[in-house]
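For the sequence shown, the working numbering assigns the number 1 to the initial residue and increments by one for each residue that follows. For each residue, glycine too, the CB sits at the ideal point set by N, CA and C. Report on one structure; see the data block that follows.
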Amino acid sequence: MINIGRRARTACDTARNKTILREEVGKMSQATLFAPDIIRYYPAQSGVDNAGIGETAHGERFLLKTDATVCLAEYVGASLCQSVGVPCGQPAVVNYRGRKAFGSRLEAGVESPSSDAEIIDLVRECGNKTIFSAVLAADLAIGNNDRHWGNWLYQRRPDGSVIARAIDFSRAWPTVVPPLECHAMRGHNTQTSFAIWPGLGITYDETTALNVCSTLERMNGEWLSDLFEDLPVDWMISGSGPELCAWWGESWAGRVAEVRDFLKSGAWQ
Numbered sequence: 001m002i003n004i005g006r007r008a009r010t011a012c013d014t015a016r017n018k019t020i021l022r023e024e025v026g027k028m029s030q031a032t033l034f035a036p037d038i039i040r041y042y043p044a045q046s047g048v049d050n051a052g053i054g055e056t057a058h059g060e061r062f063l064l065k066t067d068a069t070v071c072l073a074e075y076v077g078a079s080l081c082q083s084v085g086v087p088c089g090q091p092a093v094v095n096y097r098g099r100k101a102f103g104s105r106l107e108a109g110v111e112s113p114s115s116d117a118e119i120i121d122l123v124r125e126c127g128n129k130t131i132f133s134a135v136l137a138a139d140l141a142i143g144n145n146d147r148h149w150g151n152w153l154y155q156r157r158p159d160g161s162v163i164a165r166a167i168d169f170s171r172a173w174p175t176v177v178p179p180l181e182c183h184a185m186r187g188h189n190t191q192t193s194f195a196i197w198p199g200l201g202i203t204y205d206e207t208t209a210l211n212v213c214s215t216l217e218r219m220n221g222e223w224l225s226d227l228f229e230d231l232p233v234d235w236m237i238s239g240s241g242p243e244l245c246a247w248w249g250e251s252w253a254g255r256v257a258e259v260r261d262f263l264k265s266g267a268w269q
């Protein structure tokens, strides 16, 4: 049994009460009520957690995830990125085959590289390379050990420049609770990708990473409870939403402090 403090208990009770209320009165959040309908589907080409690409009647396309806990992980990861001003795939709830699924909206101009060599060329071409340091801090905080070069969207803008957008948080908290320790990620994709940054023209920007940590530590239990309020009830029930809010309220600030110390120590160097 997890021992939780007063603030965490308040966040837990708030999340639980909101979930119960929505079950009782059938209330639907804005995200759920106006969820776009997927009418065309293209199977996933790779990725254990990927459910494929869905398209609406009006041509919007989404990368789909269906497992409830993975959906929560994706929504939390993308929302954290948005909170710190990091370009990412726009998170959404979509209607897919009679259920609520997670959708990461594909922006106009997203490249479709067909080989690792093409991906690496796009990484080298990116004009927003500080994003890699920013997302490193976020990935460490939520224990995402699977940040490889295919877990980005590379968007070519009208002027011909390329920017990277973070996607795919399906191996992060809360798929693992508590999140994987920073040192334990050595040998996983997040660390092995970090190790080759210099060869791709990426310089680790500690100031950017630490600034992200300063913002992340303000994402408290109330922030998570408010975020969860906008998500489907079945995700919350399957993913144990109230208990997750309890962990976050009690442990999140300490987790971010650990990440800050790890980054200051030189990460895996």
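- Query: By DSSP, does residue 110 sit in helix, in strand, or in coil?
  - Reply: strand
For residue 187, count the other beta carbons within 10 Å of its own beta carbon; 16 or more makes it buried, fewer makes it exposed. Which is it?
exposed
When you compare the stretch 142-157 with the stretch 188-206, are there three or more beta-carbon pairs, one atom per stretch, that lie closer than 8 Å? yes
*asked:* 7 Å is my cut-off, CB to CB: does residue 183 come that close to chain B?
replied: No chain B is present in this structure, which holds just one protein chain.
Discussion item. Could you compute how far the alpha carbon of residue 20 sits from the alpha carbon of residue 67?
Written reply: Model confidence at residue 20 stands at a pLDDT of 47, short of 50, so the residue's coordinates are unreliable; what they give is reported in the following sentence. Rounded to the nearest angstrom, the two C-alpha atoms are 21 Å apart.
*asked:* Need the endpoints of the beta strand (DSSP E) that residue 95 sits in, please.
replied: 90-96
Worksheet item: Out of curiosity, what's the CA-to-CA distance linking residue 26 and residue 221?
Response: In this prediction, residue 26 has a pLDDT of 46, which is less than 50 and means its spatial position is unreliable; what the coordinates show is noted afterwards. Spanning the two alpha carbons is a distance of roughly 24 Å.
Looking at residue 57: is its Cβ nearer than 7 Å to the Cβ of residue 38? no
Quiz item: To the nearest whole angstrom, what separates the beta carbons of residue 71 and residue 51, a pair I think is in contact under 8 Å?
Solution: Incorrect: roughly 10 Å between the Cβ atoms, too far for contact.
Original post:
For residue 105 versus residue 90, is the C-beta distance shorter than 7 Å?
Top reply: yes
Original post:
Do residue 213 and residue 255 come within 7 Å of each other at the CB atom, strictly closer than that value?
Top reply: no
Q) residue 35 and residue 94: beta carbons closer than 7 Å? A) yes
Taking the straight line between their C-alpha atoms, what separation do you get for residue 226 and residue 139? 21 Å
### Query
Is DSSP giving residue 126 helix, strand or coil here?
strand
Residue 158 versus residue 109 - alpha carbon distance
8 Å
Taking Cβ positions, are residue 239 and residue 69 nearer each other than 7 Å? yes
- So does residue 105 have its beta carbon nearer than 6 Å to some heavy atom of the ligand GDP? As presented, the structure is devoid of all ligands, the ligand GDP included, so that no description of it is given.
- Item | Run of the alpha helix (DSSP H) containing residue 191, from where it starts to where it stops | 189-195
Pairs of beta-carbons, one from the stretch 169-183 and one from the stretch 200-214, closer than 8 Å: are there three or more? no
Find the nearest neighbour of residue 197 within the set 41, 126, 112, 115, judged by alpha-carbon distance. 126
query: Based on the DSSP output, what are the partners of residue 173 in its beta bridges?
result: Partner(s): none; residue 173 has no beta bridge.
| query | Which of helix, strand or coil does DSSP assign to residue 199? | reply | helix
query = What's the gap between the Cα of residue 79 and the Cα of residue 247?
reply = 18 Å
| message | Using a Cβ-Cβ cutoff of less than 7 Å, which residues in the same chain neighbour residue 43 once the five nearest sequence positions on both sides are dropped? | response | 52
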